Amino acid sequence: MRAVFLAVSHFQSHLRDSCVMVSTDNTSVVTYIQAQGGTHSQSLYLETRK
């Protein structure tokens with residue numbers, strides 16, 4: 001999740017008004033992004049609260 005956040009943050013100015021497709025092999029991150037959040041994984045929840 002941190003890698004996705006850092007990548008999107010880095011390219012933020014290029015991504016404005018764009019649709020972004022994230023490719024990752026981490027099923028927890030995929031599920032979390034598809035659900036647009038959640039509370040099942042406390043570590044992912046805490047990571048998104050930063």
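In our numbering, the protein residues as written are 1 to 50. Yeah, the Cβ is synthetic: ideal placement off N, Cα and C, and Gly gets one too. In this text, all values refer to a predicted model and were calculated from it rather than measured experimentally.
How would you call residue i, buried or exposed, if buried means at least 16 neighbouring beta carbons within 10 angstroms?
i	result
leucine 6	exposed
Which same chain residues, not among the five before or five after residue i, have their C-beta less than 8 angstroms away from its C-beta?
i	result
glycine 38	Thr31, Tyr32, Leu44, Tyr45
serine 41	Ser28, Tyr32
leucine 15	Val8
valine 20	Val8
For residue i, which residues from the same chain have a beta carbon less than 7 angstroms from its beta carbon, with the 5 sequence-adjacent residues on both sides left out?
i	result
threonine 24	Val4, Val30
>> Going residue by residue through the stretch 2–46, where are the continuous alpha helix (DSSP H) segments of at least 4 residues, counting only ones entirely within it?
In response: If we require 4 residues or more, the alpha helix (DSSP H) runs fully inside the stretch 2–46 come out as 2–10, 12–15, 27–34.
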